[in-house]
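Structure first, then comments.
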Amino acid sequence: MRYKWMLLLILFSLTPLVVMGIISFSISKSTINDKVTQYSEHLLYQTADNLDTRLGIYKDMMMQVLNNNEIINMLRTLDESAAVSYDVDSLSLTTKLSTIVAINQDVQSISFVSQKHYIKGIYRWSKRTRTEVKPFLLTLDDGSNFRWYSTRYGTYVDSLNSQSNYVFSLAKQLYKISDDSPLGIIAILDIREDVMKELISKAVSNNEDLQSFVIDGRGMLVSYPDSKLIGKSVTEVLGASGYEQIKNSETGEQRFPLTYKGDSLIVNTKKLHSNDWVVVNVISKAALYQDSNRLLQIFIIIALLCIVFSILAAVVLANSITNPILKMIRLMRQVMSGELTVRYKAKSRHDEFDTLGDNFNYMVTRIDELLKAVYAEQDQKRVAELRALQAQINPHFLYNTLDMIKWTALIQKANNAAEMVSLLSRLLRISLGKAEETVTVEEEIEHVQCYLGIQKFRFNFNIETVVEMDDDVGLLQTPKLILQPIVENAMIHAFVDRESGGRITISCCKVPGQGVRFEVADNGKGMDPAFARSLLAEPTSGAGKTGGIGLANVDERIKLICGKMYGIEIQSEPGIGTTIRIMLPLMT
2 MRYKWMLLLI LFSLTPLVVM GIISFSISKS TINDKVTQYS EHLLYQTADN
52 LDTRLGIYKD MMMQVLNNNE IINMLRTLDE SAAVSYDVDS LSLTTKLSTI
102 VAINQDVQSI SFVSQKHYIK GIYRWSKRTR TEVKPFLLTL DDGSNFRWYS
152 TRYGTYVDSL NSQSNYVFSL AKQLYKISDD SPLGIIAILD IREDVMKELI
202 SKAVSNNEDL QSFVIDGRGM LVSYPDSKLI GKSVTEVLGA SGYEQIKNSE
252 TGEQRFPLTY KGDSLIVNTK KLHSNDWVVV NVISKAALYQ DSNRLLQIFI
302 IIALLCIVFS ILAAVVLANS ITNPILKMIR LMRQVMSGEL TVRYKAKSRH
352 DEFDTLGDNF NYMVTRIDEL LKAVYAEQDQ KRVAELRALQ AQINPHFLYN
402 TLDMIKWTAL IQKANNAAEM VSLLSRLLRI SLGKAEETVT VEEEIEHVQC
452 YLGIQKFRFN FNIETVVEMD DDVGLLQTPK LILQPIVENA MIHAFVDRES
502 GGRITISCCK VPGQGVRFEV ADNGKGMDPA FARSLLAEPT SGAGKTGGIG
552 LANVDERIKL ICGKMYGIEI QSEPGIGTTI RIMLPLMT
């Protein structure tokens, strides 16, 4: 009943909370998802527009260089000269270019290359071999179009110092201004990658959970927050499946979910108008749902507090109902065990339990009165019976009469009859002479010896009996009449098929740390161990009884007098014999 009440109260209190919490969490999760996705797309468009604007500025700067007639003439002269070295430079060209690029600090260097020369503009490449220059000659195939080159790590030197930076490049072929014929010379504008990284970081500065970067048409990272990954494939960041989805986009704009390295991601992409580069925004769903997860944590905490409160309230309410019932049950169990002094103490609540308690107290009181009346009546009957028995058989009268029979038999030369009467007199003195439940070990041994003497005269059997008793146990106390039933059992059952050679050994000794041990052993026919164990159970037939007192009765009487750890142990094997041990405490 207690647990049913507790479960009922908890369910009624928590069900509305759980339902409302789940609905609130679902709505907030959906709302946050929509808003953050829209915000991410807005930042993506803003970043792409800013990058397109900045790349357009670089194109305009390049056109300022390409439309300057003086610079064109200088480059034609330097390229047509038969220079000794592959790379050439001109102070006047450097001075002219410095004036143009001074207004834009984003530019790292301007260089010019052709099939014959590398011409220094502003700063000189540290590596100026034909192998280093060759990739940029592909611009000659583009005619008058611009060509963008992905980010690389470049080192630039001059007469004073050197600089190393990540740069991306804009390249375009030069044409004569007069007739627009190609010169076979390519202008290369190297721009610091930090500029692009700064533009992207400003756009996403308010959202640390959003990651934005730029890749080229081949899927190589042009700009990335971690500079160590610049120039590597986007598969390092989004995996092969992420790159495939970006590459297969037909419109240049898309949004798709992605799972990479166990993280659930949402990826937004937008292709730039200036070239084939793509701006990518990546947001983790874990970060996306961070606020909703925090809401879930708060809900869980509130739910736990409500659970604790509900449990406490349910326990208090359930206890107020079930405790009186449990108390009544405990009292009933005490009454069942025979303790009739218990009473139910009411708490003056004047409810149904107080009424039940009053009725219980009345019932127990009446039972106690009736039992006392029955006990008194039984005691009176027992006293009357004892008095009648004593009137019939007065012990002194019985002993004197037996003594007279003995002397009469001796006078008439009936020695066997006299001996039997003497043994019977001694046996009755031990068994009936004292009202106590215990006798000395000597008296118990004497009692069984008297019994054996009488049996020899009665049946003239030839069973050898041996009695062994240590000197220090004779005056110890033992429950009386415990050996005679065991010896009688051995005489009746152990030697049924044997006419001679029977032997019964009775011994008594102290066992250190345990107490006193009696042992009755015979070499009779023995019995099955399972049947031997059954003899200590409550006998249901004559098989387990000996003269009206069975082994189970003796074992029970020992346990009642000495304790449950003491009693009889039977060890028997068919064809070998039986040994019965009696363990008793040291009683003085």
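All you need for the numbering used here is the position in the sequence shown, starting with 1, plus 1. Heads up, the beta-carbon is just placed ideally off N, CA and C, and yes, glycines get one too. Remember, it's a predicted structure, so these values are computed and weren't measured experimentally.
Using three-state DSSP, classify tyrosine 154 as helix, strand or coil.
strand
Taking Cβ positions, are threonine 479 and valine 521 nearer each other than 8 Å?
no
Out of Thr95, Lys60, Asp61, Tyr59, point me to the one whose CA is closest to leucine 76's CA.
Thr95
Would you please state the rounded distance, in angstroms, between the beta carbons of asparagine 490 and leucine 585? I believe it to be under 8 Å.
That pair is no contact at about 19 Å.
If isoleucine 101 and glutamine 65 are in contact, beta carbons under 8 Å, what's the gap, nearest whole angstrom?
6 Å
What are the residues that DSSP puts in a beta bridge with isoleucine 507?
Val468, Val521
According to DSSP, aspartate 594 sits in a beta bridge with which residue or residues?
No statement about residue 594 is possible, as the shown extent of the chain runs from 2 to 589 and does not include it.
Three-state secondary structure assigned by DSSP to threonine 589:
coil
Look at the alpha carbon of leucine 357 and the alpha carbon of phenylalanine 310, and state the distance between them as a whole number of angstroms.
31 Å
Who are the Cβ neighbours of isoleucine 577 in its own chain at under 8 Å, not counting the five residues just before and after it?
Asn524, Gly527
The segment 52-62 / the segment 185-202 touching (three or more Cβ pairs under 8 Å)
yes
Cα-Cα separation between isoleucine 301 and isoleucine 308, rounded to whole angstroms
10 Å
Excluding the five sequence neighbours on either side, which residues of its own chain have a C-beta within less than 7 Å of the C-beta of aspartate 217, listed in chain order?
Ser151, Val223, Asp277, Trp278
Would you report the Cα separation of leucine 52 and aspartate 90, rounded to the nearest angstrom?
32 Å
Is any beta-carbon of chain D found at less than 8 Å from that of lysine 229?
The question asks about chain D, but that chain is absent: this structure has only one protein chain.
Whether or not the segment 233-240 and the segment 167-181 are in contact is what I'm after, with contact meaning three or more pairs of Cβ atoms, one per stretch, closer than 8 Å; do they touch?
no
For a minimum of 4 consecutive residues, which ranges assigned as the alpha helix (DSSP H) are wholly contained in the segment 215-257?
236-248
In angstroms, rounded to a whole number, what distance separates the CA positions of leucine 98 and tyrosine 87?
21 Å
Just the C-alpha distance for leucine 484 and arginine 582, rounded to the nearest angstrom, thanks.
10 Å
I believe leucine 79 touches histidine 118 by the beta-carbon criterion, under 8 Å. Please report the beta-carbon distance rounded to the nearest angstrom.
7 Å
Could you give the distance in angstroms between the alpha-carbon of tyrosine 40 and the alpha-carbon of serine 285?
14 Å
Quick check on DSSP: helix, strand or coil for lysine 481?
coil
Opposing strand residues paired with arginine 125 [DSSP bridges]:
Val158
In three-state DSSP terms, what is lysine 546?
Low confidence applies to lysine 546: its pLDDT is 44, below 50, so where it sits in the model is not reliable enough to give any reading.
Closest by CA to phenylalanine 113, which one among Val474, Gln106, Thr140, Ile104?
Thr140
To which residues does DSSP link lysine 173 through a beta bridge?
Ala188
Evaluate asparagine 269 with the Cβ neighbour count: other Cβ atoms within 10 Å of its Cβ, from every protein chain shown; 16 or more gives buried, anything less gives exposed.
buried
Please state whether the Cβ-Cβ distance between arginine 1 and valine 168 is less than 8 Å.
In the structure as shown, the chain begins at 2 and stops at 589. Residue 1 is therefore absent and cannot be evaluated.
For tyrosine 4, which option in Asn320, Asn249, Arg367 has the closest C-alpha, if you only look at C-alpha atoms?
Asn320
What number of angstroms, rounded off, separates the C-alpha of valine 467 from the C-alpha of isoleucine 505?
6 Å
Give the range of the alpha helix (DSSP H) segment to which asparagine 74 is assigned.
70-81
State the Cα-Cα distance for the pair alanine 164 and isoleucine 111, rounded to the nearest angstrom.
The identity of residue 164 in the sequence shown is glutamine, whereas the question assumes alanine. The straight-line gap from Cα to Cα measures roughly 14 Å.
Could you tell me whether the Cβ atoms of valine 280 and leucine 266 are closer together than 8 Å?
no
When the Cα of methionine 566 is compared with those of Cys510, Thr589, Glu574, Val517, which residue comes out closest?
Val517
Less than 8 Å between the C-beta atoms of alanine 538 and serine 573, yes or no?
no
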